[in-house]
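Position one of the sequence shown corresponds to residue -8 (this note's numbering), numbered consecutively onward.
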Amino acid sequence: MEVRAGERLDEVRSSSLDETVASLPGVQSSNFGPGVGRPIIRGLDGPRVAVLRDGLSTQDVSTVSQDHSPAIEPFLANQIDVLKGPSTLLYGSGASGGVVNVVDGRIAETPVDGFSGRAEVRVDGDDKDGNKDGNTDMFRVDAGNGSGLSIHADGVYRNQNDYDTPKGRQLNSWVDSKVGSIGASLSGDWGFVGLSASRFRDNYGNPGEPGDPSIGERGVSLKLQQDRYDLKGGLTDPWGEGSALRYSVGHTDYALTEFEGAEVGTVFTKRANEGRVKASLTFGGGWQTAFGLLGSDSTFQAIGEESFVPKTDTRSLGAFAVARNNWERVTAEFGARVDTVKYQTDIGVDRDFTPTSFSASGGFRFNEQWRLTANLDHAERAPAEEELFANGPHIATLTFEIGGADLQTEKANQAELGLNFQNAWVDAKVAAYYNRYNDFIYIVDTGGQWFNEEDNDFLPIRQWTQADATFHGFEGEATFHLANNDNGAWDLRVFGDTVRARLNDGGNLPRIAPGRFGAQLRWNAQQWRASLGATRTMKQDKVAVNETPTDGYTFVDAHLAYHVDRGSTAWEVFLDGNNLTNQDARVHTFFLKDDVMLPGRNASFGVRLFF
């Protein structure tokens, strides 16, 4: 598991979750503009990567379309966990490619004594004219009486104008967000129980559909609204020492409205209930086990011009079990999971699936420095609603999308080998993996076109289909501790990742993330913290039929912070610079890469207060 927290998380926080975690090996961004995008893990994205908030799904519709933002605010995260491989088994068939879990701490699990929190004001500058380009403001407060009662409140306001690229302004790339939550809990030696309520409001433009300002035509914009209520609790040692019971329940009301200018185009709604319970026990011989259930019931509907997916009721229930043990040099873990997934649509097409997954992993420590790990797992995934039932024009991606109502369960057999090394001057880890898929689900350009009478133009036709495929890749990172003396601590981090995805019958899979490598030099000295790094994203020319290559690019980034402690409070001033060489850059995994560029040279300045 990869974890981002503390100073490292502060340095990479972005308006979108995918950009926040994109510096981790094996993780990239799908990017549909600022504030929009889902993480890509080892070349896999969409419904194969589960985006969670404290262990439960965000219950949005971000897998339906690239322009739909996940209902997650990175600036309110305590930490972000990224899981790959067999460890994803606990989170259902929709996590076969990986898990990104945002831990927000809205429900305190241990007593809070006193009053604490943080606040941040961040201003984004425009390098060409020096004017304010946007701002992000946040606060977080936790308070408690020290004997069990704790309360929490947080909020974020973000306003960003169209960003600048090396070719000029990226029209219709603005963002306006308001997010807030409250929570309360009771906790003690017995465990904890708490409630939270949150509201997510996100308005943003679709840079792929900017309109024509010269004639007063406004572009496509989106308005996201989500209200969410959570109950979470746990019992400590309910069945003896070392045992635990954890449970969580969430209810979500979600709506996403797409506007074509000032007119409502399509409204996507989702109402969902989800629950999870996990019991942990310790048996003889040192075996630690966990058993659990995860269930959800949701209704998804699209109304309007772009209602290319029918109203769908989805019910799922999963059961899982995991057992692990540690000996002097050896670790072992085994797991199994079975799910039932049922879809009912208003067009008379219903589907049932029973995906089943198994995993086995182990580790061997040669000595204090070297450790070898190996993972084997069989993972199955039920097709998602849009993969099964899509049928209509999808304006966000400028395509006519056709689902595959006869799609079968996707199955993957995966193997991974890893090596870790650690001593006083270096921390390093590398991993190689091989995934063989039966009936891999993907969307392909058919070469045909559909005439859009409203806009008097043609849309390319894309069809969801299945084929056997193979993914294999490599990822690694190392941090070298170069020096630690009166001048400060100097660290050098290097990393890289690559993935290759091919159809077994020949040809490449479309929109596969290109390889990357990079380095970052870090310096810490008392109150100062600084870093300078560069990341090279390679050209992607291993493309599918009817897909075009994408040039590579190099981003140079820098960060500087000054931290001061004042009694019970502290404050920090920071300056972040990104794409300092103003490189032309496009994201290969983006459907509209030819129309939308990544931001050019940009900087952010701000102040953080801790109390």
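All C-beta atoms in this analysis are idealised placements derived from N, C-alpha and C, irrespective of residue type, glycine included.
One thing to note: Gly24 has its Cβ no nearer than 8 angstroms to the Cβ of Val578.
For Tyr154, the secondary structure class from DSSP, reduced to helix, strand or coil, is coil.
Annotated three-state conformation of Arg372 is strand, per DSSP. Between Asp368 and Ser350, the gap from beta carbon to beta carbon is short of 8 angstroms. The alpha carbon of Leu215 has as its nearest neighbour, out of Val240, Glu2, Thr257 and Gln574, the alpha carbon of Thr257. DSSP places Ile393 within a strand segment (E or B) once states are collapsed to three.
By the CB criterion at 8 angstroms, Glu392 and Ile432 fall outside the cutoff.
Along the segment 222 to 262, the beta strand (DSSP E) occurs as fully enclosed runs of 3 or more residues at 235 to 251, listed in sequence order. Shortest Cα-Cα distance from Gln399 to any of Tyr428, Leu226, Gln413 and Thr388 involves Tyr428.
Contiguous beta strand (DSSP E) elements confined to the segment 337 to 372 occur at 341 to 344, 347 to 356 and 361 to 372, taking only those with 3 or more residues. Contact annotation, Arg192 with Ala253: C-beta distance approximately 19 angstroms; criterion of less than 8 angstroms not satisfied. In the three-state scheme derived from DSSP, where H, G and I count as helix and E and B as strand, Arg520 is classed as strand. Judged by DSSP in its simplified three-state form, Asp9 adopts helix. Within the segment 392 to 472, complete alpha helix (DSSP H) segments of at least 4 residues are not found at all. Relative to the Cα of Gln405, the nearest Cα in the group Ser5, Gln574 and His463 belongs to His463. The Cβ-Cβ distance between Phe546 and Gln574 falls below 8 angstroms. Here the segment 180 to 190 makes contact with the segment 219 to 231; the two share three or more CB pairs at distances below 8 angstroms. In the three-state reduction of the DSSP assignment, Pro30 falls in the strand class, which pools E and B.
By the criterion of a C-beta distance shorter than 6 angstroms, His550 is surrounded in its chain by Glu2, Ser522 and Asp567, once the five residues flanking it on both sides are discounted. Nearest neighbour of Val536 by Cα position, chosen from Phe274, Arg453, Gly558 and Thr461, turns out to be Arg453.
By DSSP's assignment, Tyr148 forms a beta bridge with Asp128 and Lys169. Considered as a whole, the segment 44 to 70 harbours no complete run of any beta strand (DSSP E) with no fewer than 3 residues.
Within the model, the alpha-carbon separation for Asn414 versus Leu483 is close to 15 angstroms.
Burial state of Arg267 is buried, judged by a 10 Å Cβ sphere holding 16 or more other Cβ atoms. In the DSSP assignment, Gly(-3) falls within the alpha helix (DSSP H) that extends over Gly(-3) to Val3. Sequence-distant Cβ neighbours of Thr560 in its own chain, meaning closer than 8 angstroms and more than five residues away, are Leu600, Phe601 and Phe602. Spatial neighbours of Asp304 in its own chain (CB-CB distance under 7 angstroms, excluding positions within 5 residues in sequence) are listed in chain order as Thr290 and Gln335. Per DSSP, the beta-bridge partners of Trp562 are Val555 and Leu600.
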